[in-house]
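Numbers 2 to 300, taken from the working numbering, label the letters of the sequence shown in order.
Structure first, then comments.
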Amino acid sequence: MTDDPLTMETIAPWDGRRVPVTLIGGYLGAGKTTAINEFLRRTDRPVAVLVNDVGEINIDSALIKRRHGDTLELTDGCVCCSLSEGLANAFDSLRARPEPPDHVVLELSGVADPARVAPWADSDGFRLDGIVVLIDADQFSDRLDDQRTASFVTTQLGAADLFVLTKVDLVDEAGLGAVEERLSALQPEVPVRRAGGAQDAGALLDVGTRRPGGVADTPLAQLFDPHTVETRPLPQPISREDLDALLDALPSDTVRAKGVAVGPDGARHLIQQVGRRRRISPLPQAEDQAPTDLVVIRL
Ligand SMILES: Nc1nc2c(ncn2[C@@H]2O[C@H](COP(=O)(O)OP(=O)(O)OP(=O)(O)O)[C@@H](O)[C@H]2O)c(=O)[nH]1
Ligand SMILES: [Mg+2]
Ligand SMILES: [Zn+2]
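So, in structure tokens, the structure goes:
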């Protein structure tokens, strides 16, 4: 930084105002895009959304854009590993606007370490408001017990200011209690909220001031990423039987798959697979989401 007033003026936008930035982290498929969409549905404030998807096709940003025009995508890599330039450009393009957004929400990739992205959120014109890490109550224990994924999950936990438990509808009370116990053993100071009620979307942005020392205490970033991201061709159109067969045939180390398929009748379907859990749901025809190939993330 320099004290040259001319330089200061050209860097700091909006008369020195700093827009709060919330980072949304959480392992692959934890429910980040779903939660952001829910949040946007409940607010009419001007929120800018940045979405990082590791595949070549940014399905998430398409899903958010269907409802929210102010969405910038960061595609084909992870913001904390290889896309830092893209992230810097995204913040620059926000800074170039005459009017600041009220808030910026950044969906991190499912393998990102939020602590490595935090400095961008604290740059000119912005202020890191907090790091929310979503915890998939359905898959958390498996991911923590699998040595291939445990370090990703624990690194993300270490950066969090708030945990939001997702998919509480898929887990019984004893299971939820077990997840909360493990979380509080690992990160006793970080509050945990269960998602599921009307207030949850609000909880996402209700982070406010950061935990003292939060990010500084974060363990060093993972150096070896075992994930591979592939794009597999999806025949268009494809029958439901063929689609199921294709998904059944994915390698057993698949942790995440997503894409948009078109059925024989022209109807579009969103494919969402997280671990072994699969969901294929119709997309409203009116929204005309283009079909995509299948993004497959494996260990
Ligand atoms: N049952 C249930 N499913 C959920 C919930 N939240 C999200 N899902 C489903 O979980 C799947 C993944 O959700 P996403 O929101 O795409 O997850 P993500 O964290 O953005 O995934 P990546 O960006 O690929 O890491 C989708 O099928 C969602 O519908 C929930 O609270 N309950
Ligand atoms: Mg997502
Ligand atoms: Zn990364």
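The beta-carbon is built from N, C-alpha and C at its ideal position, and this holds for glycine as well.
Taking residue 240 as the centre and dropping the five residues before and after it, the same chain places the C-beta of 264, 265 closer than 8 angstroms to its C-beta, in chain order. For residue 171, the CB contacts under 6 angstroms within the same chain, skipping 5 residues up- and downstream, are 139 in chain order.
At a Cβ-Cβ threshold of 7 angstroms, residue 299 and residue 232 do not count as neighbours. Annotation for residue 113 indicates a beta carbon within 6 angstroms of some heavy atom of ligand 3. A check of alpha carbon separations from residue 130 across 160, 177, 297 identifies 160 as the nearest. In the three-state scheme derived from DSSP, where H, G and I count as helix and E and B as strand, residue 232 is classed as strand. DSSP links residue 282 through a beta bridge to 271. One thing to note: residue 205 has its Cβ within 7 angstroms of the Cβ of residue 133. Under the three-state reduction of DSSP, residue 239 is assigned to coil, being neither helix nor strand.
Under the three-state reduction of DSSP output, residue 155 falls in the helix class. These are the residues, in chain order, with a beta carbon less than 6 angstroms from any non-hydrogen atom of ligand 2: 33, 34, 61, 108. Burial of residue 126 is indicated by the presence of at least 16 other C-beta atoms within 10 angstroms of its C-beta. The alpha carbon of residue 18 has as its nearest neighbour, out of 37, 123, 187, the alpha carbon of 123. Taking all protein chains in view, the Cβ of residue 278 is surrounded by fewer than 16 other Cβ atoms within 10 Å, so the residue is classified as exposed. According to the DSSP assignment, residue 21 belongs to no alpha helix (DSSP H) but to the beta strand (DSSP E) extending over 20 to 26. Here residue 52 really is in contact with residue 74; their C-beta atoms are around 5 angstroms apart, less than 8 angstroms.
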